[in-house]
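What follows is a set of notes on a single structure, which appears directly below.
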Amino acid sequence: MFSFGNKEKERLLVLEIELEQLRLENETLRKKIKEAEAAIQIIAANQAYLATEVTNLTSASVQEKKDPVEEFFDNWNKDDDGGGYIN
């Protein structure tokens, strides 16, 4: 059978402690990754919502505005009562 001396036992103990620390750190990092992924999903949903709102607002404002040239010609035609020239 294989026999360990004191130095080997001490080294194994140190390595086991380091391994446990790495496991705990890994678990903490996994939790943080999950939290970050959830936050990214919330941000993406908010971005999509805001994009929809901006599209709706810009399309509504474009529909409400009338072309100034069209408005001028509409008013031009309204000024004429269907008569001829003014003498």
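Under the working numbering, read the sequence shown as residues -4 to 82, first letter to last. Glycine residues also receive a C-beta, built at the ideal position from the N, C-alpha and C atoms.
Distance from the CA atom of residue 48 to the CA atom of residue 65, rounded to whole angstroms, is 29 Å. DSSP, reduced to helix, strand and coil, places residue 27 within a helical segment of the structure shown. Each residue's CA atom was taken as its position, placing residue 0 and residue 10 some 15 Å apart. For residue 4, there are no CB contacts under 8 Å within the same chain when 5 residues up- and downstream are skipped.
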